[in-house]
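First residue of the sequence shown? That's 441 in my numbering, and the numbers climb one at a time after it. Heads up, the thing below is written out as structure tokens.
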Amino acid sequence: MKRLQGHSCTLVALATLVLGTVAFPPASQAKKLNVVTSTTDMAALAQEVGGDKITVEALAKGYQDPHFVEAKPSFLLKLRNADLLISVGLQLEIGWLPPLVTQCGNPRIQVGASGYLDASQFAEILDIPTGQITRAMGDVHPLGNPHYWLDPNNGRRIARGIAQKLGEMDPADSQYFQQRFQDFDRRLTAAEKTWDAEMTAYKGRKVVTYHTSWSNFAKHFGLQVVGYIEPRPGIPPTPAHTIEIIQLMKRDDVKVVVVEPYFDLKTPNSIGSATGAKVIVLLPSVGGEKQVTDYFKLFDYDINLLIQAFKATQ
């Protein structure tokens with residue numbers, strides 16, 4: 441949050457200057473619903489069900505850490521003209537999105553308004569903490585793990601929820617959105633069978649990950665995340681914790697370390713060298729690499745890398 445406060449006043453000034461010159465057409469005049477999402481994953485799912493009846497754009501890039509996105513004045517323009525804003529929720533975007541929504545001057549997409557959709561309401565949420573939460577625990581999400589889209593079952597639930605929302609906003613095309621969802625559901629079911637079959641041989645495999653991004657993915661595909669390179673969520677690795685992870689991996693024969701693309705590889709690589717483990721960069725989001733252009737390709741990419749790593753360390 442501190443990162444945003446440093447230029448929050450600048451955003452307010454730019455918003456006043458720039459937005460004052462932009463036309464604000466009513467939603468009813470738009471030929472297509474203008475959808476803005478916080479992340480590329482929500483954009484990919486919205487596109488699947490929205491088809492050519494919507495325009496959709498994500499604010500964060502697929503290779504960025506969605507917890508820490510630099511708020512740009514251009515975001516205000518996008519939000520100003522949005523008919524629908526789809527967020528991941530569970531406080532994933534708390535450090536950058538709420539001030540933008542407040543400052544953009546668009547009443548349609550304010551929290552609680554008809555044009556604001558928190559996709560987490562549709563998903564199975566894991567890692568909901570119990571008891572008192574303090575800053576000493578790191579960047580713990582009190583409402584649960586926000587990386588829920590990495591379970592295909594949640595992707596299905598989110599797409600269904602978005603299709604329903606689009607139908608409410610554009611009743612004339614409601615059937616179109618439902619047909620798009622049914623087609624997505626069929627294709628996802630077929631893809632899941634392939635992914636599940638490919639991963640069957642590796643059920644129960646233990647991995648260490650950098651951040652807590654992979655709980656939903658691991659549950660769906662039967663992996664065990666036994667440790668994290670971060671000593672606590674959002675806290676950089678320390679020498680003492682790194683030694684503990686190395687000892688854990690040697691004891692439990694963990695041979696794969698998973699790192700998100702926005703983290704430094706120095707510590708993971710040193711852990712890999714000390715344990716003989718394979719360090720791989722998996723993508724939490726669509727667009728993390730140029731060829732990963734949709735929700736299906738995200739799982740294709742990650743599962744392929746994982747299987748290669750498991751085979752190489754057998």
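Ideal Cβ positions, reconstructed from N, Cα and C, are used throughout, including at glycine.
Continuous beta strand (DSSP E) stretch holding residue i: start and end
i       : result
Tyr-503 : Element bounds for Tyr-503: n/a, residue is neither H nor E.
Residue i - containing alpha helix (DSSP H), residue span
i       : result
Ala-553 : Per DSSP, Ala-553 belongs to no alpha helix (DSSP H) and is neither H nor E.
Thr-495 : No alpha helix (DSSP H) holds Thr-495; the beta strand (DSSP E) holding it covers 494-498.
Thr-477 : Premise fails: Thr-477 lies in the beta strand (DSSP E), 473-477, not in any alpha helix (DSSP H).
Lys-643 : From DSSP, Lys-643 is part of no alpha helix (DSSP H); its letter is neither H nor E.
Ala-599 : 592-609
Thr-570 : It is not in any alpha helix (DSSP H) - Thr-570 carries neither H nor E in the DSSP assignment.
Asp-481 : 480-490
Same chain, Cβ closer than 6 Å to residue i, five either side skipped, listed in chain order
i       : result
Arg-617 : The sequence shown places Phe at residue 617, rather than the Arg named in the question. So the qualifying residues of the chain are Val-489, Ala-603, Leu-606, Gly-607.
Ala-530 : The amino acid at residue 530 is misidentified as Ala; the sequence shows Leu. Closer than 6 Å at the Cβ level, and outside the excluded window around Leu-530, lie Ser-560, His-581, Leu-583, Gly-584, Pro-586.
Phe-703 : Tyr-650
Leu-746 : none
Gly-555 : Asp-523, Leu-524, Arg-548, Ile-549
Phe-736 : Ala-631
Check whether residue i and residue j have beta carbons under 9 Å apart
i       : j       : result
Ala-559 : Leu-485 : yes
Thr-715 : Val-726 : no
Trp-438 : Glu-564 : A query on residue 438 cannot be resolved here, the shown segment of the chain reaching from 441 to 754 and no further.
Ile-669 : Tyr-650 : yes
Gly-502 : Asp-481 : yes
Thr-594 : Asn-656 : Going by the sequence as given, residue 594 is Asn instead of Thr. Cβ distance < 9 Å, so Asn-594 and Asn-656 count as in contact.
Gly-662 : Met-639 : yes
Asp-653 : Pro-592 : Residue identity check: residue 653 is Ser in the sequence provided, not Asp. No, these two residues do not count as a Cβ contact at 9 Å.
His-507 : Leu-532 : yes
Val-551 : Pro-538 : yes
Thr-707 : Pro-671 : no
Leu-590 : His-660 : yes
Check: residue i C-beta below 8 Å from any heavy atom of the ligand SAM
i       : result
Ile-743 : Here there are no bound small molecules, and the ligand SAM is not part of this structure.
Residues near residue i by beta carbon distance below 7 Å, same chain, minus five either side
i       : result
Glu-497 : Val-476, Ala-483, Lys-518
Ala-599 : Leu-485, Glu-488, Val-489, Phe-621, Phe-624
Asn-521 : Asn-474
Beta-carbon contacts of residue i that lie in its chain and below 8 Å, excluding the five residues immediately before and after
i       : result
Lys-493 : Lys-472, Leu-473, Leu-606, Asp-610, Asp-613, Tyr-616, Phe-617
Thr-753 : Lys-695, Val-696, Gly-716, Ala-717, Lys-718
Task: contact_flag[the segment 512-521, the segment 704-712] where n(CB pairs < 8 Å) is 3 or more - done: Output reads no: the segment 704-712 does not touch the segment 512-521.
Task: Length at least 4, wholly inside the segment 662-735: the alpha helix (DSSP H) runs in chain order - done: Counting only runs of 4 or more, we get 679-692, 706-715.
Task: the segment 688-696 in contact with the segment 646-657 per 3-pair CB rule at 8 Å - done: Taking 8 Å as the limit for Cβ pairs, the verdict is that the segment 646-657 does touch the segment 688-696.
- [ ] Taking 8 Å as the threshold, find out whether the segment 736-747 comes into contact with the segment 627-644 through three or more Cβ pairs.
- [x] The segment 736-747 makes contact with the segment 627-644: 3 or more CB pairs, one atom from each, lie closer than 8 Å.
TODO: Run through the segment 501-543 for me and flag every whole alpha helix (DSSP H) of 4 or more residues, listed as ranges in chain order.
DONE: Complete alpha helix (DSSP H) runs here, min 4: 513-520, 537-543.
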